[in-house]
Amino acid sequence: MSLYSFLVFIHIFAAILGMGPGFVMIYILKNARNMTELRHAYSIRNLLHLFVMIGGSLLLITGLLMGTLNPVLFQAGWYLMSLLLFLTALGLGPLILSPSSKPVKDLLENHPEEEIPEMYYSVSRKLFFFERLENVIFLIVIALMILKPF
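For reference, each letter of the sequence shown is one residue, going 11 to 160 in our numbering.
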């Protein structure tokens, strides 16, 4: 197996292990009926986020290494668009998702009652919108990687 083939292998596994959990993170929270369940759902979500971060890092590293080994990729529109979209999606984390999740974290830590407050639903709606947007971006990246349309 060549180094390039090995990188492709790691790249595909990183996509499965890293991006797969990212597509279900919102849905883990949907069935929570009280604060105990919601806190538990967020703890599961945080564990899954580790897979997303490790997989995402591996995707970026292996993708750039493949481009370094095969420089013609840097001339391919699908590769450049995938890279741009991937970096855009990664930028959503610290720029939008992290600030949007702070009120949710505060609520999880400080809400004394068992009933989920209405404030959670309004705050989480904004967070979930950007997470869905990020998922759409990742689906476009996956489609570009598979189809290589231009």
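Glycine included, every Cβ here is placed at the ideal spot set by N, Cα and C. On a predicted model such as this, the values are computed, not experimentally measured, just so you know.
Take residue i and list the residues in its own chain whose beta-carbon comes closer than 8 Å to its own, dropping the five residues that flank it on each side.
i   : result
N44 : E124, E125, I126
W88 : L154, M155, L157, K158, P159, F160
So which of the options has the shortest CA-CA distance to residue i?
i    : options                : result
G28  : L93, I64, Y130, I20    : I64
V133 : L107, I152, V146, V151 : L107
L60  : N80, P31, I152         : P31
L70  : F33, L90, V146, S110   : L90
E119 : L105, H50, L83         : H50
L149 : V18, F19, I20, I26     : I26
Quick check on the DSSP output: the alpha helix (DSSP H) that includes residue i runs from which residue to which?
i    : result
M22  : Note that residue 22 is Ile in the sequence shown here, rather than Met. Its alpha helix (DSSP H) spans residues 13-24.
F148 : 128-157
M4   : A query on residue 4 cannot be resolved here, the shown segment of the chain reaching from 11 to 160 and no further.
V114 : 108-120
L93  : 87-102
M35  : 35-40
Going by beta carbon distance, what residues of the same chain come within less than 6 Å of residue i, once the five residues before and after it are set aside?
i    : result
I168 : Examination of residue 168 is not possible in this model, given that the chain is present from 11 through 160 alone.
Please list, in chain order, all residues of the same chain as residue i whose beta carbon is under 7 Å from its beta carbon, the five residues on each side excluded.
i    : result
E144 : A99, L102
Sufficient close CB pairs (3 or more, under 8 Å) joining the segment 113-123 to the segment 85-105: With a cut-off of 8 Å, the segment 85-105 and the segment 113-123 do not count as touching, because too few Cβ pairs lie within range.
Sufficient close CB pairs (3 or more, under 8 Å) joining the segment 21-41 to the segment 134-141: By the Cβ criterion, the segment 21-41 is in contact with the segment 134-141, since at least three pairs of Cβ atoms, one from each stretch, lie closer than 8 Å.
contact_flag[the segment 70-79, the segment 11-21] where n(CB pairs < 8 Å) is 3 or more: Yes, since at least three Cβ pairs between the segment 70-79 and the segment 11-21 fall closer than 8 Å, the two stretches touch.
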